[in-house]
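Participant:
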Amino acid sequence: NAGVTQTPKFRVLKTGQSMTLLCAQDMNHEYMYWYRQDPGMGLRLIHYSVGEGTTAKGEVPDGYNVSRLKKQNFLLGLESAAPSQTSVYFCASGSSGPWSGLFFGEGSRLTVL
Amino acid sequence: AQSVAQPEDQVNVAEGNPLTVKCTYSVSGNPYLFWYVQYPNRGLQFLLKYITGDNLVKGSYGFEAEFNKSQTSFHLKKPSALVSDSALYFCAVRDDAGNMLTFGGGTRLMVKP
Numbered sequence: 051n052a053g054v055t056q057t058p059k060f061r062v063l064k065t066g067q068s069m070t071l072l073c074a075q076d077m078n079h080e081y082m083y084w085y086r087q088d089p090g091m092g093l094r095l096i097h098y099s100v101g102e103g104t105t106a107k108g109e110v111p112d113g114y115n116v117s118r119l120k121k122q123n124f125l126l127g128l129e130s131a132a133p134s135q136t137s138v139y140f141c142a143s144g145s146s147g148p149w150s151g152l153f154f155g156e157g158s159r160l161t162v163l
Numbered sequence: 002a003q004s005v006a007q008p009e010d011q012v013n014v015a016e017g018n019p020l021t022v023k024c025t026y027s028v029s030g031n032p033y034l035f036w037y038v039q040y041p042n043r044g045l046q047f048l049l050k051y052i053t054g055d056n057l058v059k060g061s062y063g064f065e066a067e068f069n070k071s072q073t074s075f076h077l078k079k080p081s082a083l084v085s086d087s088a089l090y091f092c093a094v095r096d097d098a099g100n101m102l103t104f105g106g107g108t109r110l111m112v113k114p
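So the protein lines, in turn, are chains A and B.
Position in the first sequence counted from 1, then plus 50, gives you our numbering.
Position in the second sequence counted from 1, then plus 1, gives you our numbering.
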């Protein structure tokens, strides 16, 4: 009964390094999302996907790339990390339809030095 | 573009007293409104949602929310607060297209014994 699982949970990077965050869901949801959470800013949408093989930009997409090669997985990549990308990242999944709420992972805390 | 405002960064209430956490929204078309709660170092958990119908929506842990179309508000309420209700609360809105869920900045609820 895993729901939404994010790996890794913690990571420290140096400026310019690259990394990938993995999100996996076992609820057969069509929609998946990556948000970042910063103090006083709430959650801001980075990228999202409405189905396998599709992705779209959210509110703050710059500096990030995503891929949805399998329905259950949604990857968030940072090609060249910057200190401004220090944040807590949340993955979420949900069914199609505006009435559907989202299920969230536990978060991944990223620090860029 | 849709948006959500939570005008209070923090709400303080004594245990046993009623609580209200405010939320206003802006969206084109019909609003689909949600409240989520976040405990320290955890992901967001769904509390309740408004889709259509009764303006008073009941949710988890004794919480309820009142939808007011003319004031474009969706305030979260509870008749009697518990210390364990202390957490960060997020209001969110989705439009008819339903692809993106937009969050407010969050309100920290502190319930004192």
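All residues carry an ideal CB built from backbone N, CA and C; glycine is no exception.
Could you tell me whether any Cβ in chain B is nearer than 7 Å to the Cβ of W84 (chain A)?
Facilitator: Judged by the 7 Å Cβ criterion, W84 (chain A) is not in contact with chain B.
Participant: From this set, A:S137, A:L72, A:G144 and A:P89, which residue's C-alpha is nearest Q56 (chain A)'s C-alpha?
Facilitator: It is A:L72 whose Cα lies nearest to the Cα of Q56 (chain A).
Participant: In or out: C28 (chain B) buried (at least 16 other Cβ within 10 Å) or exposed?
Facilitator: Inspection of the sequence shows that residue 28 (chain B) is occupied by Val rather than by Cys. Classification for V28 (chain B): buried.
Participant: Does K59 (chain A) pass the burial test, meaning 16 or more other C-beta atoms within 10 Å, or should it be called exposed?
Facilitator: By the neighbour-count rule (16 or more Cβ atoms within 10 Å), K59 (chain A) is not buried but exposed.
Participant: R94 (chain A): which of B:C92, B:T103 and B:Y33 sits nearest, CA to CA?
Facilitator: Of the candidates B:C92, B:T103 and B:Y33, the one whose C-alpha sits nearest the C-alpha of R94 (chain A) is B:T103.
Participant: With a floor of 4 residues, list each alpha helix (DSSP H) that falls wholly inside the region 61–99 of chain B, ordered by position along the chain.
Facilitator: As far as the region 61–99 of chain B is concerned, it has no whole alpha helix (DSSP H) run of at least 4 residues.
Participant: With 16 as the cutoff for other CB atoms within 10 Å, does Y40 (chain B) come out buried or exposed?
Facilitator: It is exposed - the Cβ of Y40 (chain B) has fewer than 16 other Cβ atoms within 10 Å.
Participant: Starting from H97 (chain A), trace the beta strand (DSSP E) both ways and give me its first and last residue.
Facilitator: Here the beta strand (DSSP E) through H97 (chain A) covers G92 to S99.
Participant: Quick one: give me the first and last residue of the beta strand (DSSP E) that C24 (chain B) is part of.
Facilitator: Element bounds for C24 (chain B): n/a, residue is neither H nor E.
Participant: Whole angstroms is fine: what's the gap from N78 (chain A)'s alpha carbon to M91 (chain A)'s?
Facilitator: Near 30 Å, if we compare the C-alpha coordinates of M91 (chain A) and N78 (chain A).
Participant: Under three-state DSSP, which class holds Q135 (chain A)?
Facilitator: Helix, per DSSP.
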